[in-house]
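**Student:** I'd like to ask you about the structure that follows.
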Amino acid sequence: QVQLVESGGGVVQPGGSLRLSCEASGTIFSSADMGWYRQAPGKQRELVAVITSGGSTSYAISVKGRCTISRDNAKNTVYLQMNSLKPEDTAVYYCKLDSRTANYWGQGTQVTVSS
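Each residue of the sequence shown is one higher than the one before, starting from 121 at the first, in this note's numbering.
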């Protein structure tokens, strides 16, 4: 069983930055693809960014150029650096671990962008 724990959310002004972290338990992290998703009130959960086990990355158009996903396999942790935040980035952010046999979700961390 894998557990994912997100942290780093909070309230930030428009134009500000936040770095989200997601630490995974277990031993499959380094061989798994990791993703960040978000869900705003009344909206469906959407993909924000993905990093494969090999380090390839991809981003939603809405965050490309403002967000960077990275991973530290030694720490079993994936990060999402978010810059130039906008009010429309307000959402609960979740990390997801995709292994060959199963996928796991964290509990989410709230990001609020407001003046």
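Each residue gets a CB set at the ideal place from its N, CA and C atoms; glycine is no exception.
This structure is a prediction, so every number in the text was calculated from the model and none was measured.
Are W156 and I181 closer than 8 Å when you measure CB to CB?
**Tutor:** Contact flag unset, no.
**Student:** Check for me: the beta strand (DSSP E) holding T172 runs from which residue to which?
**Tutor:** First-last for T172: undefined, no H or E at that position.
**Student:** In whole angstroms, give me the CA-to-CA distance for G128 and R186.
**Tutor:** If I take the Cα positions, the gap works out to 17 Å.
**Student:** Please determine, among N203, K195 and A211, the residue with the shortest C-alpha to C-alpha distance to Q164.
**Tutor:** When each option's Cα is compared against that of Q164, the closest is A211.
**Student:** Are there 16 or more other CB atoms within 10 angstroms of the CB of R158, so buried, or fewer, so exposed?
**Tutor:** By the 10 Å Cβ count, R158 comes out buried.
**Student:** Relative to the alpha-carbon of G146, which residue among K195, Q227, Y214 and Q230 has its alpha-carbon at the smallest distance?
**Tutor:** G146 has its Cα closest to that of K195, out of K195, Q227, Y214 and Q230.
**Student:** Distance check for T232 and P134, CA to CA, integer angstroms please.
**Tutor:** Distance between the alpha carbons of P134 and T232: 9 Å.
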